[in-house]
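Visitor:
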Amino acid sequence: MYRTDVYEGMLAETVTMPGAGGDVINAYLARPLGPGPVPGIVVIHHAPGWDEWYREATRRFAHHGYAALSPNLYFRDGHGSPEDVAAKVRASGGCPDDQVMGDLEGALRVLRALPYVNGKVGVFGTCSGGRYAFLAACRLRGFDAAVDCWGGRVVMSGEELTPKQPVAPIDYTRDLSCPLLGLFGEEDTGPTPEQVARHERELQKYGKAYEFHRYPGAGHGFFYYHRPAYRQQQAVDGWAKVFAFLEKHLGG
Amino acid sequence: MCTMIVRQIAIEGSGTGPAGWFDVRQADVSYDHPFHAPQEHALNIDFVNEAEGPGARVAVELTAASARALIQAMQAVLAEAERGGHVAPAAVPAAARQP
Chain A
8 MYRTDVYEGM LAETVTMPGA GGDVINAYLA RPLGPGPVPG IVVIHHAPGW
58 DEWYREATRR FAHHGYAALS PNLYFRDGHG SPEDVAAKVR ASGGCPDDQV
108 MGDLEGALRV LRALPYVNGK VGVFGTCSGG RYAFLAACRL RGFDAAVDCW
158 GGRVVMSGEE LTPKQPVAPI DYTRDLSCPL LGLFGEEDTG PTPEQVARHE
208 RELQKYGKAY EFHRYPGAGH GFFYYHRPAY RQQQAVDGWA KVFAFLEKHL
258 GG
Chain B
626 MCTMIVRQIA IEGSGTGPAG WFDVRQADVS YDHPFHAPQE HALNIDFVNE
676 AEGPGARVAV ELTAASARAL IQAMQAVLAE AERGGHVAPA AVPAAARQP
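Quick mapping for you: the protein sequence lines, in order, are chains A and B.
Be aware that the first sequence starts at 8, since it is given in this note's numbering, and climbs by one per residue.
Be aware that the second sequence starts at 626, since it is given in this note's numbering, and climbs by one per residue.
#1: Can you list, in chain order, the residues of the region 674-690 of chain B whose Cβ is nearer than 8 Å to any Cβ on chain A?
#2: Taking 8 Å as the threshold, find out whether the region 86-103 of chain A comes into contact with the region 46-66 of chain A through three or more Cβ pairs.
#3: How far does the alpha helix (DSSP H) with B:A706 in it reach, from first residue to last?
#4: Please compile the residues from chain B whose C-beta is within a distance smaller than 7 Å of the C-beta of A:D91.
#5: Measure the alpha-carbon distance for A:N33 versus B:A701 and round it to whole angstroms.
#6: Are B:A667 and B:L687 touching if we call contact CB-CB under 9 Å?
#7: I need the boundaries of the beta strand (DSSP E) containing A:R83, first residue and last residue.
#8: Along chain B, in chain order, which residues have C-beta atoms closer than 7 Å to that of A:P235?
#9: With a CB to CB cut of under 6 Å and the five nearest residues on each side skipped, what residues in its chain are close to B:D671?
#10: Taking the alpha carbon of B:P679 as the reference point, which residue from A:L40, A:G47, A:G85, A:L76 has its own alpha carbon closest?
#11: With a threshold of 9 Å between beta-carbons, can A:F131 be considered close to chain B, or not?
#12: Look at the alpha carbon of A:G245 and the alpha carbon of A:F191, and state the distance between them as a whole number of angstroms.
#13: Going by other Cβ atoms of all chains shown within 10 Å of its Cβ, with 16 needed for buried, is A:W157 buried or exposed?
#14: Where does A:G109 fall in DSSP's three states?
#15: Report the residues of the region 635-648 of chain B with a CB closer than 8 Å to any CB of chain A, ordered along the chain.
#16: Excluding the 5 residues flanking A:I177 on each side, which residues of the same chain have their C-beta closer than 8 Å to its C-beta?
#17: Give the DSSP-derived three-state secondary structure of B:I670 in the structure shown.
#18: Have a look at A:E167 and A:A175 and give me their C-alpha separation to the nearest angstrom.
#19: Could you pull out every unbroken alpha helix (DSSP H) segment of at least 4 residues lying fully inside the region 148-227 of chain A, listed in chain order?
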């Protein structure tokens, strides 16, 4: 990586893919040029939408040698600027967990069917996408590694459950089917350090393979360079941990 | 985190966005991640008309203190308008509902 004497190229484009319930949704696919084989990764956007940061993150994975596919979880909610669409979803209480799992399973199948993918597929997400990454690693079969960056509402009280989010993800921990990397800010209010500790105890209870890293001086969303929450040192270290974890479990 | 704290109310009025004026039919009020305000959470108000698509939206993202000050100002203005006989008292267009 980053050698000055090798060819590097990338293809990044909007594609369509089968989602939950047989719906056709759109997605952003980025991959290194060449025959491969390369690992695959599903990139799950955050609550603020299928936005520019997630386009960049998807291309970043491709830059690091992954076929990266980011499904538009808000496809069914209309089209316009990512913020306008995300605001509509925010007002409606978010997407149903079951629908998101269907979309992520579709993305997983697309990646596994690509001729240049090496048979290993991970899942990555931040914020609500981190929650979905963990949930997908528990509820779906076929992921080989999962990265949950500060996913809130993994631990949920009974009062927080809704028809769209009827089960707290932590209650699926026993079904976790692949190694998990978790990155959290110690100053985050959701998940709080106490909620992260509770999740970790649950992972230990079931003997799951995981790595949790807690960052002092960071809150929620410390990768987001366009927000005041950005923390340069923690973000650089966090990304390094993401790529080391994925290389270990997905190859490359 | 995504708080999922949100209320939607039916309203009547007009708002202006990038495409000009449109009829606003609903206000979505949340305390959650803002898109632009430099806080982790903000009091967000989206004045929308869902029949015209996601782009029919006038958005503000306020600090909690600003939102409370706004409420007080609106109440004070409406009370003064009531005293002056300019508006009928306590005309609430619709009850708040939760999605």
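C-beta: ideal position from N, C-alpha, C; glycine also.
Guide: In terms of the structure at hand:
#1: Of all residues in the region 674-690 of chain B, only E675, G678, P679, G680, R682, A684 place a beta-carbon less than 8 Å from a beta-carbon of chain A.
#2: Yes, the region 86-103 of chain A touches the region 46-66 of chain A.
#3: In the second sequence, counting from the first residue as 1, residue 706 of chain B sits at position 81. Where B:A706 is concerned, the enclosing alpha helix (DSSP H) stretches over 689-708.
#4: One-based indexing of the first sequence puts residue 91 of chain A at position 84. Listed along the chain, the chain B residues whose CB falls inside 7 Å of the CB of A:D91 are P679, G680, R682.
#5: Working through the first sequence from its first residue, we reach residue 33 of chain A at position 26. Working through the second sequence from its first residue, we reach residue 701 of chain B at position 76. Rounded to the nearest angstrom, the two C-alpha atoms are 48 Å apart.
#6: Stepping through the second sequence from its first residue, residue 667 of chain B is reached at position 42. Stepping through the second sequence from its first residue, residue 687 of chain B is reached at position 62. In contact: B:A667 and B:L687 (Cβ atoms closer than 9 Å).
#7: Looking up residue 83 of chain A in the first sequence gives position 76. If you look at A:R83, you'll find it isn't in any beta strand (DSSP E); DSSP assigns it neither H nor E.
#8: Translated into the one-based positions of the first sequence, residue 235 of chain A becomes position 228. The answer, in chain order, is P663.
#9: Reading the second sequence from its first residue, position 46 is the one you call residue 671 of chain B. Residues D653, R682, A684 of the same chain have their beta carbon placed closer than 6 Å to that of B:D671, with the five preceding and five following residues left out of the count.
#10: For the purposes of this step, residue 679 of chain B is identified with residue 54 of the second sequence, where counting begins at 1. Among A:L40, A:G47, A:G85, A:L76, the Cα nearest to that of B:P679 is on A:G85.
#11: Here residue 131 of chain A refers to the residue found at position 124 of the first sequence. So no, A:F131 is outside the interface.
#12: Mapped onto the first sequence, residue 245 of chain A falls at position 238. Mapped onto the first sequence, residue 191 of chain A falls at position 184. If you take the alpha carbons of A:G245 and A:F191, they lie about 9 Å apart.
#13: Counted from its first residue, the first sequence places residue 157 of chain A at position 150. So A:W157 counts as buried.
#14: Reading the first sequence from its first residue, position 102 is the one you call residue 109 of chain A. A:G109: helix per DSSP, three-state reduction.
#15: Interface annotation for the region 635-648 of chain B against chain A: empty, criterion Cβ-Cβ distance under 8 Å.
#16: Numbered from 1 along the first sequence, position 170 holds the residue referred to as residue 177 of chain A. Cβ neighbours of A:I177 beyond the five flanking positions: V161, V162, M163, R205, H206, E209.
#17: Along the second sequence, one-based indexing puts residue 670 of chain B at 45. Strand.
#18: Residue numbering aside, residue 167 of chain A sits at position 160 when the first sequence is read from its first letter. Residue numbering aside, residue 175 of chain A sits at position 168 when the first sequence is read from its first letter. Looking at the two C-alpha atoms, the distance is approximately 9 Å.
#19: Here the runs fully enclosed are 200-212.
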